[in-house]
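Engineer: Mind having a look at this structure? Questions to follow.
Number of protein chains: 2
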Amino acid sequence: MQASPATTKGAATRDSIIDRAYQIVRKEGFEGLSIGSIADSVGMSKSGVFAHFGSREDLQLSVLDAAAQRFTEHVFLPALRERRGLPRLEAIGRRWMKWLRNEQGGCPMISAAIEYDDRPGAIRDRVIFYQTRLRKELARAIDMAIETGELRTDTDSDQLAFEIFGVELAMHHDSRLFGFDEAIERSERALDRLVASYRS
Amino acid sequence: MQASPATTKGAATRDSIIDRAYQIVRKEGFEGLSIGSIADSVGMSKSGVFAHFGSREDLQLSVLDAAAQRFTEHVFLPALRERRGLPRLEAIGRRWMKWLRNEQGGCPMISAAIEYDDRPGAIRDRVIFYQTRLRKELARAIDMAIETGELRTDTDSDQLAFEIFGVELAMHHDSRLFGFDEAIERSERALDRLVASYRS
DNA sequence: GAAATAAAAGAACGATCGTGCTATTTAAGG
DNA sequence: CCTTAAATAGCACGATCGTTCTTTTATTTC
Chain A
107 MQASPATTKG
117 AATRDSIIDR
127 AYQIVRKEGF
137 EGLSIGSIAD
147 SVGMSKSGVF
157 AHFGSREDLQ
167 LSVLDAAAQR
177 FTEHVFLPAL
187 RERRGLPRLE
197 AIGRRWMKWL
207 RNEQGGCPMI
217 SAAIEYDDRP
227 GAIRDRVIFY
237 QTRLRKELAR
247 AIDMAIETGE
257 LRTDTDSDQL
267 AFEIFGVELA
277 MHHDSRLFGF
287 DEAIERSERA
297 LDRLVASYRS
Chain B
107 MQASPATTKG
117 AATRDSIIDR
127 AYQIVRKEGF
137 EGLSIGSIAD
147 SVGMSKSGVF
157 AHFGSREDLQ
167 LSVLDAAAQR
177 FTEHVFLPAL
187 RERRGLPRLE
197 AIGRRWMKWL
207 RNEQGGCPMI
217 SAAIEYDDRP
227 GAIRDRVIFY
237 QTRLRKELAR
247 AIDMAIETGE
257 LRTDTDSDQL
267 AFEIFGVELA
277 MHHDSRLFGF
287 DEAIERSERA
297 LDRLVASYRS
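Quick note, the sequences are listed as chains A and B, same order.
Following our numbering, the numbering of the first sequence begins with 107 at its first residue and continues without gaps.
Following our numbering, the numbering of the second sequence begins with 107 at its first residue and continues without gaps.
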């Protein structure tokens, strides 16, 4: 579930394959990801690409892992520099939006959730794992804002995490269909209103 | 863009094809919809199915139209029985959730939005058309609640429509990955809080 | 009921799919 | 440098894809 540093030649090309596959998934979704298209994209043969993964599903899982890791790196880890409480929570929300913009294609994790939410299997299982983890970390950041006294003590952190998640989903949706500028403006207002409604 | 009553034999089977295609799209998404799979499902030949539509894209557009029409019938039209203002607005929100549950597979409109949000073409254009219309109708219901004095006069109806849409997206997401019961509970609370924060 | 028309089937097309198997090339270890 | 192992290519497979064309069957229309 985590990327290891590329020491050997094989691991290096494997990383580059995942990187290209990641780009394709953003535009075509996980079901649109084919071994042939990746092979063309990286200038290798189909079997050369295939040999790095036991199956297409393994490749898709690797892309999913990469998506989760990048999200953590770009959204959660930088927010840790803010002090516990509202500053950190708001940093998460804002960085999340920026992440959704910078993903010129769609967000792979959201695509995966939609594509596999009713297809039992390894992919769906891992999507649930990552989504559960994300929601827990979000709730933890909220709990800290309760501890600092910035949010009301009767705040249901899972509920607020759910509501924040909804804003981010709407942000993703609108920015891709109606344009980024309007979407981020609405999303920021929505988040501000949301946090304000829980303020102590 | 609308379904006509089936007078001739051909139109009747065409409707049944769309109905089956609709079921498939809920489970497999629009990209997972193949003419062969529909043919098997309705017990026809591939070419027999194909003859009813000039192309796969035309078939996909027909399914999209069907989805929009069913949504209108199940969510918006029944809500018109409630009096203008908050009752109607809340009826829309609650029926929307029930709609998301009854769609045992995913909601085709949400699937289409994710699958085609960065693939220019007829499908994306029509998705944008329907999403724009939905958001406008939602904003209109909100405007009525402002006129009745139930919501504050400085309420930005487009903003609230965006926020409600986010709750419904989160509802769709959570109910499919984490289970319906918890999702609808959170969604109802979220909607209540949202409306309350705009109350006059 | 015959003639005209619509609906469905059948077969074939080039393309692409994921995957296995066998060579060949390239990098790593001593 | 030589040997061994890893990485990649090449080829073939059965299956499925959307689409076109031709033929057969079913449904209207008079």
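All residues carry an ideal CB built from backbone N, CA and C; glycine is no exception.
Mind listing which residues of the region 124-153 of chain A have their C-beta closer than 9 angstroms to chain B's C-betas, in chain order?
Structural biologist: Listed by position, the residues of the region 124-153 of chain A near chain B (Cβ gap below 9 angstroms) are Arg132, Lys133, Glu134, Gly135, Glu137 and Gly138.
Engineer: Measuring CB to CB, does glycine 135/A end up less than 9 angstroms from glutamate 209/A?
Structural biologist: In the first sequence, the residue the question calls residue 135/A occupies position 29. In the first sequence, the residue the question calls residue 209/A occupies position 103. Contact flag unset, no.
Engineer: Give me the Cβ distance between glycine 212/A and alanine 276/B, rounded to the nearest whole Å; I'm assuming they're in contact under 8 angstroms.
Structural biologist: For the purposes of this step, residue 212/A is taken as residue 106 along the first sequence, with counting starting at 1. For the purposes of this step, residue 276/B is taken as residue 170 along the second sequence, with counting starting at 1. Not confirmed; about 17 angstroms, so no contact.
Engineer: Hey, could you find the ends of the alpha helix (DSSP H) proline 214/B is sitting in?
Structural biologist: On the second sequence, position 108 is the one that residue 214/B refers to. For proline 214/B, the enclosing alpha helix (DSSP H) stretches over residues 214-222.
Engineer: Compile a chain-ordered list of the residues in the region 196-215 of chain B whose CB is closer than 9 angstroms to at least one CB of chain A.
Structural biologist: Gln210, Gly211 and Gly212: these are the residues of the region 196-215 of chain B whose beta carbon lies less than 9 angstroms from some beta carbon of chain A, given in chain order.
Engineer: Would you please verify whether the beta carbon of histidine 158/A is less than 9 angstroms from any beta carbon of chain B?
Structural biologist: Reading the first sequence from its first residue, position 52 is the one you call residue 158/A. Histidine 158/A does not count as touching chain B.
Engineer: Express the C-alpha separation of glutamate 179/A and glutamine 108/A in angstroms, rounding to a whole number.
Structural biologist: Position 2 of the first sequence, counted from the start, is the residue given in the question as residue 108/A. Position 73 of the first sequence, counted from the start, is the residue given in the question as residue 179/A. Note on glutamine 108/A: pLDDT 45, under 50, position unreliable in the model; the coordinate value appears next. Their Cα atoms are separated by approximately 12 angstroms.
Engineer: Nearest chain B C-beta to isoleucine 252/A closer than 9 angstroms, yes or no?
Structural biologist: One-based indexing of the first sequence puts residue 252/A at position 146. Not an interface residue.
Engineer: Taking Cβ positions, are isoleucine 270/A and threonine 261/A nearer each other than 9 angstroms?
Structural biologist: In the first sequence, residue 270/A corresponds to position 164, counting from 1. In the first sequence, residue 261/A corresponds to position 155, counting from 1. No.
Engineer: For arginine 282/B, which of helix, strand or coil comes out of DSSP?
Structural biologist: On the second sequence, position 176 is the one that residue 282/B refers to. In this structure, arginine 282/B counts as helix in the three-state DSSP scheme.
Engineer: Isoleucine 141/A and arginine 126/A: beta carbons closer than 9 angstroms?
Structural biologist: Taking the first residue of the first sequence as 1, we reach residue 141/A at position 35. Taking the first residue of the first sequence as 1, we reach residue 126/A at position 20. Contact: no.
Engineer: Tell me which residue opens and which closes the alpha helix (DSSP H) that glycine 142/A is part of.
Structural biologist: On the first sequence, position 36 is the one that residue 142/A refers to. Counting along the chain, the alpha helix (DSSP H) containing glycine 142/A begins and ends at 141-148.
Engineer: Taking C-alpha atoms, which residue in Val155/A, Glu163/A, Lys133/A and Glu274/A lies nearest to leucine 240/A?
Structural biologist: Taking the first residue of the first sequence as 1, we reach residue 240/A at position 134. Ranking the options by Cα distance to leucine 240/A, first place goes to Glu274/A.
Engineer: Can you give the Cα-Cα distance for arginine 282/B and aspartate 223/A, rounded to whole angstroms?
Structural biologist: Residue numbering aside, residue 282/B sits at position 176 when the second sequence is read from its first letter. Residue numbering aside, residue 223/A sits at position 117 when the first sequence is read from its first letter. Cα to Cα, arginine 282/B sits roughly 6 angstroms from aspartate 223/A.
Engineer: Quick one: what does DSSP say leucine 186/B is sitting in, helix, strand or coil?
Structural biologist: Locating residue 186/B in the second sequence gives position 80, where the first residue counts as 1. Three-state result, leucine 186/B: coil.
Engineer: If we ignore side chains and look at the alpha-carbon of each, how far apart do threonine 259/B and glycine 138/B end up?
Structural biologist: Along the second sequence, read from residue 1 onward, the residue named residue 259/B stands at position 153. Along the second sequence, read from residue 1 onward, the residue named residue 138/B stands at position 32. Answer to the nearest angstrom: the Cα atoms are 46 angstroms apart.
Engineer: Taking 7 angstroms as the limit between beta carbons, can you name the residues of its chain near phenylalanine 177/B, skipping five residues before and five after?
Structural biologist: Here residue 177/B is taken as the residue at index 71 of the second sequence, counted from 1. Cβ neighbours of phenylalanine 177/B beyond the five flanking positions: Trp205 and Met215.
Engineer: Does the region 283-303 of chain B touch the region 224-237 of chain B, meaning 3 or more C-beta pairs lie closer than 8 angstroms?
Structural biologist: no
Engineer: On the three-state DSSP scale, how would you describe arginine 305/A?
Structural biologist: Here residue 305/A corresponds to residue number 199 of the first sequence, with the count starting at 1. In this structure, arginine 305/A counts as strand in the three-state DSSP scheme.
Engineer: Between which two residues does the alpha helix (DSSP H) containing glutamine 210/B stretch?
Structural biologist: For the purposes of this step, residue 210/B is identified with residue 104 of the second sequence, where counting begins at 1. Run containing glutamine 210/B: none; DSSP gives neither H nor E here.
Engineer: So the alpha helix (DSSP H) alanine 136/A belongs to, where does it begin and stop?
Structural biologist: In the first sequence, the residue the question calls residue 136/A occupies position 30. Sequence inspection shows phenylalanine at residue 136/A; the alanine mentioned does not correspond to that position. Run containing phenylalanine 136/A: none; DSSP gives neither H nor E here.
Engineer: Suppose the cutoff is 8 angstroms on Cβ atoms and the five residues either side in sequence are ignored; what does the same chain contact list for isoleucine 130/A look like?
Structural biologist: Taking the first sequence and counting its residues from 1, the one referred to as residue 130/A is at position 24. For isoleucine 130/A, where only same-chain residues beyond five positions count, the Cβ hits under 8 angstroms are Gly138, Leu139, Ser143, Ile144 and Ser147.
Engineer: Measuring alpha carbon to alpha carbon, tell me which residue in Gly255/B, Val181/B and Ile234/B is nearest methionine 203/B.
Structural biologist: Numbered from 1 along the second sequence, position 97 holds the residue referred to as residue 203/B. The shortest C-alpha separation from methionine 203/B is found at Val181/B.
Engineer: Under 8 angstroms Cβ-Cβ, which residues of chain A neighbour valine 273/B?
Structural biologist: Walking along the second sequence from the start, residue 273/B turns up at place 167. At a beta-carbon threshold of 8 angstroms, the residues of chain A lying near valine 273/B are Glu269 and Gly272, ordered along the chain.
Engineer: Rounded C-beta distance between methionine 250/B and arginine 190/B? I'm assuming under 8 angstroms.
Structural biologist: As a working mapping, residue 250/B is identified with position 144 in the second sequence. As a working mapping, residue 190/B is identified with position 84 in the second sequence. With 8 angstroms as the limit, methionine 250/B and arginine 190/B qualify as a contact, their Cβ atoms being about 4 angstroms apart.
Engineer: Between which residues of its own chain and histidine 278/B is the CB-CB distance below 7 angstroms, once the five residues before and five after are set aside?
Structural biologist: Numbered from 1 along the second sequence, position 172 holds the residue referred to as residue 278/B. Once the five neighbours on either side are set aside, the close Cβ partners of histidine 278/B are Leu206, Cys213 and Ile216.
Engineer: To the nearest angstrom, how far is it from the Cα of leucine 183/A to the Cα of arginine 201/B?
Structural biologist: Residue 183/A sits at position 77 when you count from the first residue of the first sequence. Residue 201/B sits at position 95 when you count from the first residue of the second sequence. When rounded, the distance between both Cα atoms is 39 angstroms.
Engineer: Would you report the Cα separation of leucine 167/A and arginine 232/A, rounded to the nearest angstrom?
Structural biologist: Numbered from 1 along the first sequence, position 61 holds the residue referred to as residue 167/A. Numbered from 1 along the first sequence, position 126 holds the residue referred to as residue 232/A. For leucine 167/A and arginine 232/A, the distance between alpha carbons rounds to 8 angstroms.
Engineer: Who does leucine 257/A pair with in a DSSP beta bridge?
Structural biologist: The count along the first sequence starts at 1 and reaches residue 257/A at position 151. Per DSSP, Arg305/A.
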